[in-house]
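Q: Starting off with a structure, shown below.
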Amino acid sequence: MNKLVTVCVPTFNSEASIFDTLESISKQTYSNIRVIIFDNCSSDNTLTIAESFTKKIKNFEIRMSSENLGAEGNFTRCLQVADSDFTAIYHADDIYAENIVERQVQAFIDTPKLLAVSTHANEIDHSGKKIGERFLPEELRKSELTVLGFKELLELTLKYGNIVTCPSVMVKTSIYNQDIKTWNGSRYKSSADLDIWLRIAKLGCFAVINQPLIDYRVADISTSYRMKKNRVVRHDMFLVIDEYFDKAENERLSDFYDFLCLKDLALRVLNGSKERLSPLGVKYFRVALSSYWHSSFYLKILVIWIARILRLVK
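Residue numbers (our numbering): 551 to 864.
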């Protein structure tokens, strides 16, 4: 394996976690790699920490923006800059297994039709302690590598929501350069990544490695966690799903879509009323929602919970 991999790390005021991220990337077993840190006008010690790596590791570099481009603009820089064989956008608050790059490159070599590959993930807290695993559907646990076309990925999305761990994805660089080009956050907001995965799947195949090769941070320093914990409006993923899925044309999947909407409503109600629920009630509610909630049993349980919560908030 001698394919060149570019690892992009977008940063903005990431001093609390960037050292652990870069340290894990610096220990990769795959050697033909370059790491570009895209800083978006950080005002804390992010650059100082990043420079401690660029000074001692020759394949690390920093590219600073002259103005704050916002998260969307900074991610778009990552999409457009690479000229390697593969590109990964690893996030500044996560920790990576030392063999993640090697394992992903091997997946591309073993399965030439692949355009992108993600991995399963552990979840860690603010201190880096493992607190569990991210949800991975049973359909993706049957083999070490599952290859998905557009229809399969869309169906999984309708059943479970976005099942791709965004900061674990590696993509053929030519796809980013020629087909994707921009991170469409202005249109799809926090679910712009889901749009990209579905667009890639329309062009070829998307794979998931059934092995946790990233420690995904679930803590207040994680932007995605803060958004999920406080969200009381409809999930941004429906901005994407509603463009790719027509209920009238696919009655079989309509029930999954309707249940996904119900799950979203339940979580929004929970977030809006959690101060009136006991911590234990919140815990069990979230456990129920993270299970195989497309079954009729969980549907009935959710309806009961929603009815109870609505009475609480009146």
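We treat Cβ as the ideally placed atom computed from N, Cα and C, and that holds for glycine.
Reducing DSSP to helix, strand and coil, say where Tyr640 ends up.
A: Taking the sequence shown and counting its residues from 1, one reaches residue 640 at position 90. Correct three-state label for Tyr640: coil.
Q: Using C-beta distances below 6 Å, list every residue in its chain close to Gly735, excluding the 5 sequence neighbours before and after it, in chain order.
A: As a position in the sequence shown, residue 735 is number 185, starting the count at 1. Only Glu622, Ala742 meet the Cβ criterion.
Q: Expressed to the nearest angstrom, what Euclidean distance is found between the alpha-carbon atoms of Asp724 and Thr696?
A: Mapped onto the sequence shown, residue 724 falls at position 174. Mapped onto the sequence shown, residue 696 falls at position 146. In the sequence as displayed, the identity of residue 724 is Ser instead of Asp. About 22 Å.
Q: So Phe700 is in the beta strand (DSSP E); what residue range does that whole segment cover?
A: Position 150 of the sequence shown, counted from the start, is the residue given in the question as residue 700. Note, Phe700: premise wrong, no beta strand (DSSP E); alpha helix (DSSP H) at 700-710.
Q: With burial defined as no fewer than 16 other Cβ atoms inside 10 Å of the residue's Cβ, what is the status of Ile650: buried or exposed?
A: In the sequence shown, the residue the question calls residue 650 occupies position 100. Per the 10 Å Cβ criterion, buried.
Q: Output needed for Leu744: all residues of its chain with C-beta closer than 6 Å, excluding positions within five of it in sequence on either side, in chain order.
A: In the sequence shown, the residue the question calls residue 744 occupies position 194. Once the five neighbours on either side are set aside, the close Cβ partners of Leu744 are Asn712, Met787, Val790.
Q: Taking the straight line between their C-alpha atoms, what separation do you get for Pro512 and Trp733?
A: Not covered by the structure: residue 512. The range shown for the chain is 551 to 864.
Q: Quick check on Ile645: does DSSP put it in helix, strand or coil?
A: Numbered from its first residue, the sequence shown carries residue 645 at position 95. The answer is strand: DSSP assigns Ile645 an E or B state.
Q: Please look up how many angstroms separate the CB atoms of Phe636 and Met720, rounded, as I've assumed it's under 8 Å.
A: As a position in the sequence shown, residue 636 is number 86, starting the count at 1. As a position in the sequence shown, residue 720 is number 170, starting the count at 1. That belief holds up - the Cβ atoms of Phe636 and Met720 are roughly 5 Å apart, short of 8 Å.
Q: Kindly indicate the opening and closing residues of the alpha helix (DSSP H) around Glu683.
A: For the purposes of this step, residue 683 is taken as residue 133 along the sequence shown, with counting starting at 1. It is not in any alpha helix (DSSP H) - Glu683 instead sits in the beta strand (DSSP E) that spans 680-683.
Q: Assess contact between the stretch 642-662 and the stretch 580-589, defined as three or more Cβ pairs (one per stretch) separated by less than 8 Å. Is contact present?
A: The stretch 642-662 is in contact with the stretch 580-589.
Q: By a C-beta neighbour count over all protein chains shown, 10 Å radius and 16 as the cutoff for buried, is Gln728 buried or exposed?
A: Numbered from its first residue, the sequence shown carries residue 728 at position 178. Counting Cβ neighbours within 10 Å, Gln728 comes out exposed, since fewer than 16 surround it.
Q: Give the secondary structure of Val557 by DSSP, where H, G and I count as helix, E and B as strand, and everything else as coil.
A: Counting from 1 along the sequence shown, the entry for residue 557 is found at position 7. Residue state, collapsed to three classes: strand.
Q: Tell me the DSSP bridge mates of Cys755?
A: Here residue 755 is taken as the residue at index 205 of the sequence shown, counted from 1. In DSSP, Cys755 forms a bridge with Leu664.
Q: In angstroms with no decimal places, state the Cα-to-Cα distance between Phe700 and Gly754.
A: Taking the sequence shown and counting its residues from 1, the one referred to as residue 700 is at position 150. Taking the sequence shown and counting its residues from 1, the one referred to as residue 754 is at position 204. Cα-Cα distance, rounded: 8 Å.
Q: Which first and last residues belong to the alpha helix (DSSP H) in which Met905 is found?
A: Given a span of 551 to 864 for the chain in the structure shown, any question on residue 905 remains unanswerable.
Q: Distance, Cα to Cα, Tyr842 vs Thr669?
A: Position 292 of the sequence shown, counting from 1, holds the residue named residue 842. Position 119 of the sequence shown, counting from 1, holds the residue named residue 669. Residue placement at Tyr842 is poorly supported in this model, since its pLDDT is 47, which falls under 50; the coordinates still yield a value, given next. Tyr842 and Thr669: Cα-Cα distance of roughly 20 Å.
Q: Can you tell which of Ser677, Glu702, Leu703, Ala666 has its C-alpha closest to the C-alpha of Lys722?
A: Within the sequence shown, residue 722 is the residue found at index 172, counting from 1. Comparing Cα-Cα distances from Lys722 to each of Ser677, Glu702, Leu703, Ala666, the minimum goes to Ala666.
Q: Look at the alpha carbon of Phe562 and the alpha carbon of Glu694, and state the distance between them as a whole number of angstroms.
A: Residue numbering aside, residue 562 sits at position 12 when the sequence shown is read from its first letter. Residue numbering aside, residue 694 sits at position 144 when the sequence shown is read from its first letter. Distance between the alpha carbons of Phe562 and Glu694 is about 34 Å.
Q: Over the uninterrupted beta strand (DSSP E) stretch that includes Arg613, give me the two end residues.
A: For the purposes of this step, residue 613 is taken as residue 63 along the sequence shown, with counting starting at 1. Looking at the DSSP string, the run of the beta strand (DSSP E) that includes Arg613 is 610-614.
Q: Alpha carbon to alpha carbon, how far is Ala647 from Ser592? Give it in angstroms, no decimals.
A: Here residue 592 corresponds to residue number 42 of the sequence shown, with the count starting at 1. Here residue 647 corresponds to residue number 97 of the sequence shown, with the count starting at 1. For Ser592 and Ala647, the distance between alpha carbons rounds to 26 Å.
Q: Please state whether the Cβ-Cβ distance between Ser634 and Val555 is less than 7 Å.
A: Numbered from 1 along the sequence shown, position 84 holds the residue referred to as residue 634. Numbered from 1 along the sequence shown, position 5 holds the residue referred to as residue 555. Cβ distance < 7 Å, so Ser634 and Val555 count as in contact.
Q: Let's see if you can read the secondary structure: which residues bound the beta strand (DSSP E) around Asp570?
A: Your numbering for residue 570 matches position 20 in the sequence shown. Unbroken run through Asp570 is the alpha helix (DSSP H), 568-576; no beta strand (DSSP E).
Q: Can you have a look at Asn624 and say buried or exposed, based on whether 16 or more other CB atoms are within 10 angstroms of its CB?
A: Taking the sequence shown and counting its residues from 1, one reaches residue 624 at position 74. By the neighbour-count rule (16 or more Cβ atoms within 10 Å), Asn624 is buried.
Q: Could you check the C-alpha separation between Phe569 and Lys709 for me, to the nearest Å?
A: Taking the sequence shown and counting its residues from 1, one reaches residue 569 at position 19. Taking the sequence shown and counting its residues from 1, one reaches residue 709 at position 159. Roughly 36 Å between the two C-alpha positions.
Q: Alpha carbons only, please: which of Leu703, Thr715, Arg784 is nearest the one belonging to Ala751?
A: Your numbering for residue 751 matches position 201 in the sequence shown. Of the listed residues, the one whose Cα sits closest to Ala751 is Leu703.
Q: For a quick check, are the C-beta atoms of Ile674 and Asp792 less than 7 Å apart?
A: Looking up residue 674 in the sequence shown gives position 124. Looking up residue 792 in the sequence shown gives position 242. Cβ distance not < 7 Å, so Ile674 and Asp792 don't count as in contact.
Q: Since I believe Thr604 is in contact with Glu520 (beta carbons under 8 Å), could you give me their beta-carbon distance rounded to a whole number of angstroms?
A: The chain is shown only over 551 to 864; residue 520 falls outside these bounds and no answer can be derived.
Q: Whose CA, out of Leu763, Val714, Lys739, Lys553, lies closest to the CA of Thr571?
A: Within the sequence shown, residue 571 is the residue found at index 21, counting from 1. Nearest option by C-alpha distance: Leu763.
Q: Say the cut is 6 Å; is the CB of Ala632 nearer than that to a heavy atom of the ligand SAM?
A: Summarising the ligand content, the structure contains no ligands, and the ligand SAM is consequently not present.
Q: Quick one: Cα of Phe685 to Cα of His676, how far?
A: Here residue 685 refers to the residue found at position 135 of the sequence shown. Here residue 676 refers to the residue found at position 126 of the sequence shown. C-alpha separation (whole angstroms): 19 Å.
Q: Can you give me the C-alpha to C-alpha distance between Val863 and Asp814, rounded to a whole angstrom?
A: Along the sequence shown, one-based indexing puts residue 863 at 313. Along the sequence shown, one-based indexing puts residue 814 at 264. With a pLDDT of 43 at Val863, under the threshold of 50, the predicted position of this residue should be treated as unreliable, though the coordinate-derived value follows. Cα to Cα, the separation comes out at about 17 Å.
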